[in-house]
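These protein sequence lines are chains A and B, in that order. Following the numbering used here, the numbering of the first sequence begins with 1 at its first residue and continues without gaps. Following the numbering used here, the numbering of the second sequence begins with 695 at its first residue and continues without gaps. Note that CB positions come from ideal geometry on N, CA and C, so glycine has one too.
There are 2 protein chains.
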Amino acid sequence: MSVGELFNPRSIALVGATDKSGWSISTLSNLRTHGFTGSIHLVNPRGGVVHGLPARRSLTEIARPVDLAYVMVPTAAVLGVLREGAKLGIRCYVILTAGFGEAGEEGARLEAEVAGFAAEHGLTILGPNGNGYINAAAGVTPYGLPIAQPLLRGGVGVVLQSGALASSVLSFAQARNVGISLLTSMGNESVVTVTDVVDYLVNDPATKVIALFLESIRDPAAFARVARRALEAGKPIVALKIGRSRLASHTAQAHTGALVGDDDVIDAALRQLGVIRVRSLEDLIITAGLLASTGALPGRRVGVVTPSGGASEIIADRAEDEGLELPPFAPETVARLAEIVPSFGTVQNPLDVTGYVLIDRTLLGRALEAVIADPGIDLVMLLSEPPKLAPPDPAPVLATYAASARRIAASPVPVVVVSNVLTDITEFGREVQRETGFPYVAGGIEHGLHAIGAAVRWSELRSGALSRPPAPPTASLTVPSGATGVWAEHRAAGLLASGGLPVVPSELVREEAEAVAAAERFGYPVVLKAAAEGLGHKSDVGGVRLGLGSGEEVRQAYREVTAAVPSLDGVLVQPQRRGGVELLVGIVRDPAWGLTLAVGLGGIWVEVLRDTALRVLPVDAAEVRAALAELRGTALLDGVRGGQPADLDAVADVVARIAAFAESLGDGLESLEINPLLVNGSHIEALDALITWR
Amino acid sequence: MSVGELFNPRSIALVGATDKSGWSISTLSNLRTHGFTGSIHLVNPRGGVVHGLPARRSLTEIARPVDLAYVMVPTAAVLGVLREGAKLGIRCYVILTAGFGEAGEEGARLEAEVAGFAAEHGLTILGPNGNGYINAAAGVTPYGLPIAQPLLRGGVGVVLQSGALASSVLSFAQARNVGISLLTSMGNESVVTVTDVVDYLVNDPATKVIALFLESIRDPAAFARVARRALEAGKPIVALKIGRSRLASHTAQAHTGALVGDDDVIDAALRQLGVIRVRSLEDLIITAGLLASTGALPGRRVGVVTPSGGASEIIADRAEDEGLELPPFAPETVARLAEIVPSFGTVQNPLDVTGYVLIDRTLLGRALEAVIADPGIDLVMLLSEPPKLAPPDPAPVLATYAASARRIAASPVPVVVVSNVLTDITEFGREVQRETGFPYVAGGIEHGLHAIGAAVRWSELRSGALSRPPAPPTASLTVPSGATGVWAEHRAAGLLASGGLPVVPSELVREEAEAVAAAERFGYPVVLKAAAEGLGHKSDVGGVRLGLGSGEEVRQAYREVTAAVPSLDGVLVQPQRRGGVELLVGIVRDPAWGLTLAVGLGGIWVEVLRDTALRVLPVDAAEVRAALAELRGTALLDGVRGGQPADLDAVADVVARIAAFAESLGDGLESLEINPLLVNGSHIEALDALITWR
């Protein structure tokens, strides 16, 4: 399979070309209009003239070599075309034809046959049931729907799992003056997948940013590898992944399972991979456009320059939403600005240079120059945009924007231009940008600040991820024999302890007197817990007694526990712990992404608030610390009401070791839950554990 | 003062008109271009010819009556113009001139003089330091900046506290094909305020929806009254109120005070008033445009019809964000749709009629007709939009949209049209809408669904608010003498009890023996608390001892408490309560909005999570129930881990009575805090209280 050849053919055959098909008309028209310089061949079984050109009856009749066949024949004829093509040495195909996997069992069977044939013969196939692609960078556009003019070329590679959205994406990109390198409508992905195309785009010199519309990620491991490559290459991936509203519950018996919806795992995975997840097509294109224009941003301290008080107040609100900082200007900047801004204005960040810009056209530019030089900011946000309509004499307008453009280009820090509201960049606006070099305009304060925030977060994550060594591979333990079903506490805790993890001391007893003897050894108060194979939530069935302060209480509790729970393996005696903060540490196998860590504050925090932070394994201690910091109740770990502050390094270390231990248990592990993990300063101890094997 | 006359003059004098001023040029040009049919007079102290017309030297020289003077003279000359105008009987003014309150002390003094003169002579003044207004409905546009063509007339009244945003608002409204009735740039509001203009718009037959950009609400009580009038009149108010990021802390000593930022109070107040708060200019206009088009929406069950699978998945996600329901279609609808949608499509809500729409242009319309008839939906969302560019022959396009428009107009439920992405409605798009009656297009799935959600919430709040009688006025108690400073528990609780509120029994003792005697009467365990004038958080100073189980423990605790807290008034003895859920009920005086209720779950829920719900008083029990339901930890009230469910009606009743009691204490009350209010099923009791007087 060669995706590079697929996207860069020198000759294309349209198989099934006919005057009666809109797709056929559009594909040929697109190739002609958007600069394809190679040869085009039309194939129709009846021959004759199609679209005004002579048509061949079959691929075989074409005398010259064909690099790509664009297949529009009826479903039943597709495999025949592939057989003929393969025989002729044609390696790349776009299959527009529908009626495959999306159309039921028979179609799925046929699609499997196509995929099998492709694998056998090394064919590269985009589709079936996809409109093809638009390689704007190379001027190769075998694409079955009309492409609105002008097709803007630029640094954004777009990969779509929904063909119907392509027109909207192109239309919106045009309205933002965002140029694309390649747009692919994936279809059923029976051979070439989203991951394959992303892999190509990471290497594609024309592509600076990758924008994805995703319905599902088929091979998370492969996707993760290519996402890591993109991060290393400095090419941001922005993704609109749908399915946020569908909570698929896991089958794991462990408590954690119920807390983890599929989408939460995907969300965590994408964040860990440095993929910028957005929730709208607008944010997809605006964010991609910004990153294609600026690359990584150096920090989150933003100097804001606007000609409007109202706008700067909206910006202050939105900047806080996005975690951006608007630090006060340095004294020298304030002094400089005081000379520039009219006396009725206020020199502050965000800066409103006042409506006096309407009188003095140089005001905004001079203020920008002062703010650019401020030593305490990482980037400047300038509120501006090109005009919509050409005046009778455009020269003065062009000169003004050219001056701004030069100033921005010479700035030592990135200058991001944002418009007030999200309206289209018009044809004249694009002309101004093209002629003067006036930079990309992130559309509207609302979406523009989202884009800046996303770009800053991506830049920070990237430098963090690249500076940390990848997690070391974990050695696989020999999983104990009999590892099936649910291991209740008495077995699970033993396994954890054998892995060197801190577990509360415990004795398994089978008689009242033994229980009292164990309690005496630990010292009162103690805890009694039913120990039974397969017993999950033992407190729900009356299998736990806390705070037992004397031998008599232990005897009484022993009788109650053994009466409440039939077929016991015994009763666990443990010292009663007091104080501290309880954490829940759960590791559950996500069907797609594999072992996933959920960490949260125990009890009602998890049960009522569902306040957990997720990470796909492997994780290191730094990642765990970041996860703990995400919790809404994270302040509890700092100690409240006189409680001892948790030693966060020690907590993160233990949790990371638990995660590594879970990984070392191999593919047989379904879930591992420690609830609670008691944190008392730097004393950390698992008080209960449950393991479920697949 | 007459705002109606201000906005509907038959003759206008431009005072300070000069060829050298862009404002002067724009104002005259706007009046001429946008249909002003009355007489226009130019006034310049030098006379002569201005803008090609003869200019008078003063208002007095104008022979005919003047309804409105648009004042552009230097700051120092403004008062003279008003004096002259008042003498001539000119009642209405727009003052464009700046240099008043916004420019320092001298300006503020001058502005006060202007306002005083206006009050004395009954003048109606818009500004100073404002660009004027655009009465699009009446074709009266005394406005100092260029107005982009075309000025679209329609049902949205816009009031802006930032003049600089007017151009962006107009430009965005044009791009959404949203027509305005009136746009006002408020300036310094020294006479006419936002509230006055809203009051006018509530009565204005041309206005269906009111859109506000607010920096501050100057007279909350007056604003509240007019907002209530708007709600009753069925005119939604949509507001972009900035200042979300600025947390102003209250001075109240009560704990609650620290939890309530000004903006949280404003947010609560706006919600209670039925004002739709948005966070972007885009949402301001798109939401206002939708409501101007549909009015109130009948419910939150939405049937979705789209030509795109990808779009319907984005819609499903966004609908959930907005609390909208996409219920399954009724069996008869499914059967009907199965006949319409191609066999490879799936009949479900949201409905994707498939890309086959490109072949069969009637498909979307027929599917829409089937969904409209579904008995289980309140409204339909149709993904569609007018074309951007006119084809050589527009007739077939117009016919298609006309057919859709007829179908939508005939629908028994509202049909809201939403476009895929937020791009401009072009000139041809507007023509299509105008010619065919194709309805308003809520721009882009992202903002369109926000608008639908906001409109549904407003509609629900409106019917709820109008169906509930307003809260009864609370009788003012005689505030006890000596009501200053902080009243600690022993006095605060007594006052509450005197008001018939449930308070834990308590005895104030001054000797060990008395303490033991009181404890014996209550029965063990008991609580001892230091009682001292002005003592706020007594547990912080060692003034509280819990769980005392015997006379000896009481004696010991008495000695400790009296040793820990000097200058005691005595010690409170109370029975120790167990179990239940603790609430915090705080009422604090917001400097702008008055007494405000904060209710939350006690302890860490408030301290760590800051999980409180706010309501500006008065509130009834229904409003308190809604507030309790907003808490993140609200599930705790339903009983978790075997706890008794709270009797929510009883809780809401007690909290509403506490709020009414606080109101009855009159203007001297600064704050009243009950922490905790213990809820044990239907047994509800204040365990501690603190009152701060102003």
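Asked, Found
"Buried/exposed call for residue 307 of chain A, threshold 16 Cβ in 10 Å", "buried"
"Chain B contact for residue 162 of chain A (CB, 7 Å cutoff)", "yes"
"Any C-beta of chain A under 7 Å from that of residue 1382 of chain B", "no"
"Burial state of residue 1286 of chain B, where buried means 16 or more other Cβ atoms lie within 10 Å", "buried"
"Beta strand (DSSP E) runs contained entirely in the segment 843 to 929 of chain B, provided each spans 3 or more residues", "847 to 854, 874 to 879, 903 to 908"
"Per DSSP, cross-strand counterpart(s) of residue 1269 of chain B", "B:1220"
"Buried or exposed by the 16-neighbour rule on C-beta atoms within 10 Å, applied to residue 676 of chain A", "buried"
"Option in A:209, A:610, A:483, A:619 with minimal Cα separation from residue 264 of chain A", "A:610"
"Inter-residue spacing [alpha-carbon to alpha-carbon] between residue 670 of chain A and residue 690 of chain A", "11 Å"
"Span of the alpha helix (DSSP H) around residue 607 of chain A", "604 to 607"
"Reference residue 708 of chain B; option with closest CA among B:739, B:699, B:849", "B:739"
"Where residue 684 of chain A falls: helix, strand or coil (DSSP)", "strand"
"Reduced DSSP secondary structure (H/G/I, E/B, other) of residue 615 of chain A", "strand"
"Coarse secondary structure for residue 129 of chain A, derived from DSSP in three states", "coil"
"Proximal residues of chain A, C-beta to C-beta of residue 1001 of chain B below 9 Å", "164"
"Close-in-space but distant-in-sequence residues of the same chain around residue 1220 of chain B (CB under 7 Å, 5 per side omitted)", "1213, 1242, 1248, 1267, 1268, 1269, 1270"
"Chain-ordered residues of the segment 1006 to 1017 of chain B with a beta carbon less than 7 Å from chain A", "1007, 1008, 1010, 1011, 1014"
"Candidates A:667, A:134, A:86, of which the one nearest residue 28 of chain A by Cα", "A:134"
"Beta bridge counterpart(s) of residue 1278 of chain B as assigned by DSSP", "B:1294"
"Chain-ordered residues of the segment 1118 to 1150 of chain B with a beta carbon less than 9 Å from chain A", "1118, 1120, 1137, 1138, 1139, 1140, 1141"
"Span separating the alpha-carbon of residue 281 of chain A from that of residue 776 of chain B", "53 Å"
"Residue 540 of chain A, buried or exposed, once every other Cβ within 10 Å from all chains shown has been counted against 16", "exposed"
"Three-state class that DSSP yields for residue 14 of chain A in the structure shown", "strand"
"Alpha-carbon to alpha-carbon, residue 1036 of chain B and residue 210 of chain A", "33 Å"
"Sub-7 Å separation of residue 876 of chain B and residue 849 of chain B beta-carbons", "no"
"Residue 39 of chain A - DSSP class collapsed to helix/strand/coil", "strand"
"Identified DSSP bridge partners for residue 90 of chain A", "Paired residue(s): none; residue 90 of chain A is not in a bridge."
"Runs of beta strand (DSSP E) lying entirely within the segment 634 to 680 of chain A, each at least 3 residues, in chain order", "669 to 680"
"Partners in chain B for residue 213 of chain A, counting only beta-carbon separations shorter than 7 Å", "1004"
"Straight-line gap, residue 138 of chain A to residue 1040 of chain B (C-alpha atoms, nearest Å)", "37 Å"
"Under 7 Å between C-beta atoms of residue 907 of chain B and residue 854 of chain B", "yes"
"Every unbroken alpha helix (DSSP H) within the segment 381 to 467 of chain A, with a cutoff of 4 residues, ordered by chain", "395 to 409, 427 to 436, 445 to 467"
"Whole-angstrom distance between residue 326 of chain A and residue 320 of chain A, CA atom to CA atom", "9 Å"
"Contact under 7 Å by Cβ, residue 1264 of chain B with residue 1203 of chain B", "yes"
"CB contact below 7 Å: residue 866 of chain B versus chain A", "yes"
"Straight-line gap, residue 448 of chain A to residue 303 of chain A (C-alpha atoms, nearest Å)", "15 Å"
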